[in-house]
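K.L.:
Have a look at the structure that comes next, please.
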Amino acid sequence: MIKSVPSDDIEFELLLEAIWQKYGYDFRNYARSSLRRRLDAFLQKCSLPSFSHLQYRILRDHNFFERALDEITVRTTEMFRDSFFFSALRDDVLPILQTYPSINIWHAGCSTGDEVYSLAILLKEAGLYERSTIYATDINPVVLQTAKDAKYPLSKIKEMTKAYQMAGGKLPFSEYYTCKDDTASLNPEIKKNVVFSTHNLATDEAFIDAQLVICRNVLIYFDRVLQDRVVSLMTRSLSHRGFLCLGSKESVSFLKAKVQLEPFSKDAKIYRRI
689 MIKSVPSDDI EFELLLEAIW QKYGYDFRNY ARSSLRRRLD AFLQKCSLPS FSHLQYRILR
749 DHNFFERALD EITVRTTEMF RDSFFFSALR DDVLPILQTY PSINIWHAGC STGDEVYSLA
809 ILLKEAGLYE RSTIYATDIN PVVLQTAKDA KYPLSKIKEM TKAYQMAGGK LPFSEYYTCK
869 DDTASLNPEI KKNVVFSTHN LATDEAFIDA QLVICRNVLI YFDRVLQDRV VSLMTRSLSH
929 RGFLCLGSKE SVSFLKAKVQ LEPFSKDAKI YRRI
């Protein structure tokens, strides 16, 4: 007896294939449960009855696709998220990076840039920022523009200050931003060595030789096939003895690239290329 596949599931897979064929964005190896939830929510927001209707709109309206892309991609980030990770960077990784004449850093899946600027502040306080370049990439051009603007509501400053202090910040956090009306803007000196660019981890290739690659809380949205591709890609981007940083719930234990990496800080999920 032939197993019947629900029509919704077929339409969902056809939608992902259509996005890949039309726009070159490959979501076919994203974890199905979280991707399906986000697209279901977008269907309801647009008052569309099915994935077939969504596919029709996406294929014929590029602006509508950009709206869909903004809903599909994950924006969850915050300044000094997981303070123990940034403490490990400050105390254990940066002293080693200090031995390099110049430092290339790739921050993949950077979203709105909160963790990128957290890293920039750490580098500045360690005296390394002037010889560092941070290449911050994301699949979503909308979040990259938000990252470039580097503006935050004043209501978030208290929370950001606390996270900075928990990560071992050395100065008053107010040294890094200026206020106008109800908005805090990061100072230009924190932004100057950050290069933002679109990059698709599912399809694009390595583009720099980096001493440090950060990709935190991104792999959890991929299936095993895509996780393998992405971690191998990032490992190839690392210079000899370079560092790879993943999210607290992520690991290379079951991935092919694990043979090229060794644990450096198990708690902070920092690995080093062998």
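Here my numbering is used: the first residue of the sequence shown is 689, the next is one more, and so on.
All C-beta atoms, glycine included, are put in the ideal place defined by N, C-alpha and C.
Considering C798, what are the terminal residues of the beta strand (DSSP E) in which it resides?
P.N.:
Segment: none, C798 is in no beta strand (DSSP E) and carries neither H nor E.
K.L.:
Using only the alpha-carbon positions, how far apart do K733 and L900 sit?
P.N.:
Going from the Cα of K733 to the Cα of L900 covers about 39 Å.
K.L.:
By the three-class DSSP mapping on this structure, what secondary structure does F952 have?
P.N.:
In this structure, F952 counts as strand in the three-state DSSP scheme.
K.L.:
Sort out for me which residues DSSP pairs K868 with in a bridge.
P.N.:
T871.
K.L.:
What runs of the beta strand (DSSP E), each 3 residues or longer, lie entirely inside the segment 733 to 818?
P.N.:
Taking only runs of at least 3 residues, the beta strand (DSSP E) segments lying wholly in the segment 733 to 818 are 791 to 796.
K.L.:
Look up K921 in the DSSP assignment and say whether it is helix, strand or coil.
P.N.:
Per the sequence shown, the amino acid found at residue 921 is Leu instead of Lys. Here L921 sits in helix by DSSP.
K.L.:
Is the separation between the beta-carbon of G797 and that of I827 shorter than 9 Å?
P.N.:
Contact flag set, yes.
K.L.:
Taking its Cβ as the centre, do 16 or more other Cβ atoms sit within 10 Å of Q709, making it buried, or is it exposed?
P.N.:
Exposed, since its Cβ has fewer than 16 Cβ neighbours within 10 Å.
K.L.:
In this structure, what does DSSP give as the bridge partners for R726?
P.N.:
Partner(s): none; R726 has no beta bridge.
K.L.:
Using 10 angstroms around the beta-carbon of N905, count the other beta-carbons present and answer buried if the total reaches 16, otherwise exposed.
P.N.:
Label assigned to N905: buried.
K.L.:
G815: buried (16+ other C-beta within 10 angstroms of its C-beta) or exposed?
P.N.:
When all chains shown are included, G815 counts as exposed.
K.L.:
Could you tell me the alpha carbon to alpha carbon distance between A776 and F768, rounded to whole angstroms?
P.N.:
If you take the alpha carbons of A776 and F768, they lie about 12 Å apart.
K.L.:
Let me know if L842 comes out buried or exposed under the rule of 16 or more other beta-carbons within 10 Å of its beta-carbon.
P.N.:
With fewer than 16 other Cβ atoms within 10 Å, it is exposed.
K.L.:
Tell me which same chain residues have a C-beta within less than 6 Å of the C-beta of T766, skipping the five on either side of it?
P.N.:
A small fix is needed here, since residue 766 is Glu in this sequence, not Thr. Only D802 meet the Cβ criterion.
K.L.:
Whose C-beta lies closer than 7 Å to the C-beta of E950 among residues of the same chain, with five residues either side of it excluded?
P.N.:
Hits under 7 Å: Y959, R960 and I962.
K.L.:
State whether the segment 939 to 948 contacts the segment 883 to 897, with contact taken as three or more CB pairs (one from each stretch) at a distance under 8 Å.
P.N.:
With a cut-off of 8 Å, the segment 883 to 897 and the segment 939 to 948 do not count as touching, because too few Cβ pairs lie within range.
K.L.:
Give me the residue from L859, V918 and Y817 with the minimum Cα distance to P998.
P.N.:
Any answer about residue 998 is impossible in this case: the structure gives the chain only from 689 up to 962.
K.L.:
Does the count of Cβ pairs from the segment 737 to 749 and the segment 693 to 705 closer than 8 Å reach three?
P.N.:
Taking 8 Å as the limit for Cβ pairs, the verdict is that the segment 693 to 705 does touch the segment 737 to 749.
K.L.:
Less than 9 Å between the beta carbons of C903 and V918, yes or no?
P.N.:
In this structure, V918 lies closer than 9 Å to C903 by Cβ.
K.L.:
Nearest-angstrom Cα distance between I908 and K937?
P.N.:
If I take the Cα positions, the gap works out to 8 Å.
K.L.:
Which class does R716 belong to by DSSP, given the choice of helix, strand or coil?
P.N.:
R716 falls in the coil class under three-state DSSP.
K.L.:
Please report the Cβ distance between D770 and S953, rounded to the nearest whole angstrom; I am assuming they are in contact, meaning their Cβ atoms lie under 8 Å.
P.N.:
At roughly 12 Å, the Cβ-Cβ gap does not stay under 8 Å, so D770 and S953 are not in contact.
K.L.:
Might you give, ordered along the chain, the residues of its own chain that have their beta carbon closer than 8 Å to the beta carbon of V913, omitting 5 neighbours on each side?
P.N.:
N717, listed in sequence order.
K.L.:
Contact defined as beta carbons within less than 8 Å: I believe I878 pairs with S925. What is the distance between those atoms, to the nearest angstrom?
P.N.:
In fact, because the Cβ distance is near 24 Å, the residues do not count as touching under 8 Å.
K.L.:
Compare the beta carbon distance of I791 and L811 with 9 Å and say whether it is the shorter of the two.
P.N.:
Taking 9 Å as the Cβ cut-off, I791 and L811 qualify as a contacting pair.
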